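Read top to bottom, the protein sequences are chains A and B.
Be aware that the first sequence starts at 1, since it is given in this note's numbering, and climbs by one per residue.
Be aware that the second sequence starts at 1001, since it is given in this note's numbering, and climbs by one per residue.
The C-beta atom is built at its ideal place from N, Cα and C for all residues, glycine as well.
Predicted model only: the values in this text are computed from it and were never measured.
The structure appears right after this line, and notes come after that.
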Amino acid sequence: MKIECRRDPGSPYLMVWARLECDAYGIRCGTEFAIDTGSPMAILSYPQAVSCLVPLDKLAKALKPIRIGGVVADAYILPDVKLLFRTTERGKLFAHHMAHLYVLGPTRTQMQLPVPGILGADFLDQFTFISFSKQRGGRVFITDEDIKLSL
Amino acid sequence: MPVLEDTTLESEMEQFERDMNWIYTHYETLKREYPNEFVAVFNQTLVAHSPDIESLIASVQPRFGQQVGNIAIKFIYAEPPAIVLTPQ
Chain A
1 MKIECRRDPG SPYLMVWARL ECDAYGIRCG TEFAIDTGSP MAILSYPQAV SCLVPLDKLA
61 KALKPIRIGG VVADAYILPD VKLLFRTTER GKLFAHHMAH LYVLGPTRTQ MQLPVPGILG
121 ADFLDQFTFI SFSKQRGGRV FITDEDIKLS L
Chain B
1001 MPVLEDTTLE SEMEQFERDM NWIYTHYETL KREYPNEFVA VFNQTLVAHS PDIESLIASV
1061 QPRFGQQVGN IAIKFIYAEP PAIVLTPQ
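Pasting the structure below:
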């Protein structure tokens, strides 16, 4: 089964479209995440949190702030989160459960360009990347299929 | 891979993806008209734009209520950002 990634037309990021659900706070929200293979964990950005009506004032605060993209922000913990993804197989959604998802609060530093939410190793470790390359564009997928590589 | 089969949910997600795809397809036009602003698209129609995410959501929430979660929202970078994402 494969999930298609999208090349962001306005940034260098590779994006994945998803649906975020959290029953505890009634959150049901379409959103997009940038793929960040260098990040150990997924993070919901502040603009995503506002768009998804995440009640930051009701969430527990993480022990320390997070610095990302030159911005420092308090981090909050959204518990028991489900991320859903459409797959290349019609009618089949991939469901990823997270015991908690870090959510960025408003930035402490001077306002800069907003950073996207990211999916890190806690999500990506279960997948392999496949790129069908062309000179311009091409398509990129993440898959859980057993890909045999001889390097 | 944990798989879920839910046609209603998939239909909602498909609608969201059509709107997000509309933003991607019209990115150059949006960049000329709303650089460094958030745009909100529903049913492949621009429903709001603002440089400030709180203002954007405040403007669409009375009309969409809890459906706000189904609106495709994206920041339109005037120039490609040179931001290192990996958190510390």
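Item, Value
"To the nearest whole angstrom, what separates the beta carbons of Y46 of chain A and L104 of chain A, a pair I think is in contact under 8 Å?", "5 Å"
"Assuming contact is defined by CB atoms lying nearer than 8 Å, are L93 of chain A and F85 of chain A in contact in what I supplied?", "yes"
"Using only alpha-carbon positions, find the residue among B:A1078, B:A1082 and B:R1063 that is nearest to V71 of chain A.", "B:A1082"
"Taking the C-alpha atoms as reference points, what is the distance between Y13 of chain A and K1031 of chain B?", "17 Å"
"In this structure, what does DSSP give as the bridge partners for L14 of chain A?", "A:R7"
"Taking the runs of the beta strand (DSSP E) that are 3 residues or longer, which of them lie wholly in the segment 95 to 121 of chain A?", "117 to 119"
"By the three-class DSSP mapping on this structure, what secondary structure does T1029 of chain B have?", "helix"
"CB I43 of chain A to CB C5 of chain A, shorter than 8 Å?", "no"
"Go to I1073 of chain B, then tell me how far its beta strand (DSSP E) extends in each direction, as first and last residue.", "A1072 to I1076"
"Provide the residue span of the alpha helix (DSSP H) that contains R1063 of chain B, from first to last.", "I1053 to F1064"
"Write down every uninterrupted run of the beta strand (DSSP E) in the segment 26 to 103 of chain A whose length is 3 residues or greater and which is fully enclosed by it, in chain order.", "27 to 35, 66 to 68 and 71 to 86"
"Can you find a heavy atom of the ligand COA that lies under 7 Å from the Cβ of Q126 of chain A?", "Here there are no bound small molecules, and the ligand COA is not part of this structure."
"With H, G and I counted as helix, E and B as strand and the rest as coil, what does DSSP make of L157 of chain A?", "Residue coverage of chain A in this structure runs from 1 to 151, which leaves residue 157 of chain A outside it and unanswerable."
"Out of curiosity, what's the CA-to-CA distance linking P114 of chain A and A49 of chain A?", "12 Å"
"If we cut at 8 Å on Cβ distances, does V967 of chain B have a partner in chain A?", "No answer is possible for residue 967 of chain B: it lies beyond the span of chain B, which begins at 1001 and ends at 1088."
"Which one of A:Y102, A:T107 and A:D80 has the shortest CA to CA distance from A95 of chain A?", "A:D80"
"Return yes when the Cβ of G1065 of chain B is within less than 8 Å of the Cβ of C29 of chain A, no when it is not.", "no"
"May I have the straight-line CA-CA distance separating R67 of chain A from P1087 of chain B, to the nearest angstrom?", "6 Å"
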